[in-house]
Amino acid sequence: MKKIIVVILVVFIIIQFFPIDKTNPPPTPGMDFLKIKNTPEKIAHTIRTSCYDCHSNETKYPWYSNISPMSWWVKNHIDEGRNHLNFSTFAVYEPKRQLHKLEECIEMVEKKEMPLESYYLGHQNAKLSDEQRADLIHYFKKVKEDTERRILFNK
Numbered sequence: 001m002k003k004i005i006v007v008i009l010v011v012f013i014i015i016q017f018f019p020i021d022k023t024n025p026p027p028t029p030g031m032d033f034l035k036i037k038n039t040p041e042k043i044a045h046t047i048r049t050s051c052y053d054c055h056s057n058e059t060k061y062p063w064y065s066n067i068s069p070m071s072w073w074v075k076n077h078i079d080e081g082r083n084h085l086n087f088s089t090f091a092v093y094e095p096k097r098q099l100h101k102l103e104e105c106i107e108m109v110e111k112k113e114m115p116l117e118s119y120y121l122g123h124q125n126a127k128l129s130d131e132q133r134a135d136l137i138h139y140f141k142k143v144k145e146d147t148e149r150r151i152l153f154n155k
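The UniProt record's numbering numbers the first residue of the sequence shown as 1 and each following residue consecutively.
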């Protein structure tokens, strides 16, 4: 039993020498969702607090992202989040893709699938109240309607 504990401890120490890359891509303000959609400050604050760590290039890594293997899980989660939706590069999406992303935002917030429950463990301030959820849903629906109008009149 002692040998197993020693081996586990040695492996744990060794994996600490393989940190994750915490470099965020450079900011692109002209492509950021909050800027291009002229998001009201109250909504922008909610999105920054509850969404940006995983869905933007402005991730603020928590203290536990310095400890492997937890850091690997955090990094994978952030990479997946950015792949699904990256608010920092929202302007790059074609208008129809923007519509789809907005539909997903509405659905995820309505179903309380986002933010993830696991994210709340270290980020209590990211937990959305019913009012914040309703405000986000209303805002995303408004932006979706504006985008639909833009698509319709640009054809």
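Think of the CB as a built atom: it goes at the ideal place given N, C-alpha and C, for glycine as much as any other residue.
Distance between beta carbons of residue j and residue i, contact taken as under 8 angstroms
i, j, result
"Leu102", "Phe140", "5 angstroms"
"residue 164", "Asp32", "What is shown of the chain runs 1 to 155, which leaves residue 164 out entirely."
"Ile36", "Phe90", "7 angstroms"
"Thr49", "Asn125", "6 angstroms"
"Glu151", "Pro95", "It is worth fixing the name first, because residue 151 is Ile in this sequence and not Glu. Indeed they touch by this definition, with Cβ atoms about 5 angstroms apart."
"Leu99", "Glu148", "7 angstroms"
"Pro25", "Asn57", "4 angstroms"
"Val109", "Leu136", "5 angstroms"
"Tyr64", "Gly122", "7 angstroms"
Per-residue burial, residue i [other beta carbons within 10 Å of its own, 16 or more giving buried]
i, result
"His55", "buried"
"Leu34", "buried"
"Ser129", "exposed"
"Thr23", "exposed"
"Lys14", "According to the sequence provided, residue 14 is Ile. The question's Lys does not apply to it. Ile14 is exposed by the Cβ-count criterion."
"Ile78", "buried"
"Ile5", "exposed"
"Ser118", "exposed"
Next item on the list: Ignoring anything shorter than 4 residues or poking outside the UniProt domain "Haem-binding" (9-144), list the alpha helix (DSSP H) runs there in chain order.
Entry: 33-36, 41-50, 52-55, 70-84, 95-110, 117-120
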